[in-house]
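Enquirer: What follows is a single structure, and I will ask about it in a moment.
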Amino acid sequence: MELLKPPPTMKLPTEWFTGDAWADVIHRGEEPSRARANMVRFSPGSRTAWHSHGLGQTLYIVEGIALIQSRGGDILEARPGDVVYTPPGEQHWHGAAPDRFMAHLALWETDEVSWLEHVTDAEYNGPRVSTRAHP
1 MELLKPPPTM
11 KLPTEWFTGD
21 AWADVIHRGE
31 EPSRARANMV
41 RFSPGSRTAW
51 HSHGLGQTLY
61 IVEGIALIQS
71 RGGDILEARP
81 GDVVYTPPGE
91 QHWHGAAPDR
101 FMAHLALWET
111 DEVSWLEHVT
121 DAEYNGPRVS
131 TRAHP
């Protein structure tokens, strides 16, 4: 067993995020492991740019209200305890609601991420569907 010393919290770059977001690395597997886990905290209204992950991504909502959208789909309003998976290559974004901080645990397996354009205010402010409305 080994007690790991975590690296300092890092502010996430404006090239990939609108607004303020910070990440704490929880796990970055050493070869042959590809496992990655970060706790990511978003200020109200902040969000990622459109992006996709080579092997997909799972988000576990810890705090606040998360907004998550796949290209061409509804904006999903997710709450603490919700788990959202985006499959490999699916373009999506995620961030905080305009009036709430949000934190999620992000899990993925590879650093193969394709970063695209920023989410516009019109896209961010589109109609939402609550996870509480889904079975």
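Mapped onto full-length UniProt numbering, the consecutive letters of the sequence shown carry residue numbers 1 to 135.
Ideal placement from N, C-alpha and C gives every residue a C-beta, glycine not left out.
(1) Over the uninterrupted beta strand (DSSP E) stretch that includes D24, give me the two end residues.
(2) DSSP three-state call for E112: helix, strand or coil?
(3) Buried or exposed for G73, please, with buried defined as at least 16 other CB atoms from any protein chain shown within 10 angstroms of its CB.
(4) Quick check on DSSP: helix, strand or coil for R132?
(5) Please state whether the Cβ-Cβ distance between M43 and G19 is less than 8 Å.
(6) How far does the alpha helix (DSSP H) with A122 in it extend, from its first residue to its last?
(7) Over what stretch of residues does the beta strand (DSSP E) that includes L59 continue unbroken?
(8) I need the boundaries of the beta strand (DSSP E) containing W93, first residue and last residue.
Expert: Let's see:
(1) Judged by DSSP secondary structure, D24 falls within the beta strand (DSSP E) whose first and last residues are 21-28.
(2) For E112, the three-state secondary structure derived from DSSP is coil.
(3) Taking every protein chain shown into account, the CB of G73 has fewer than 16 other CB atoms within 10 angstroms, so this residue is exposed.
(4) It is helical.
(5) Checking the sequence shown, residue 43 turns out to be Ser, not Met. G19 sits close to S43, with the two beta carbons spaced by under 8 Å.
(6) Taken as a continuous stretch (DSSP letters only), the alpha helix (DSSP H) holding A122 covers 121-124.
(7) Start and end: 57-64.
(8) Taken as a continuous stretch (DSSP letters only), the beta strand (DSSP E) holding W93 covers 92-96.
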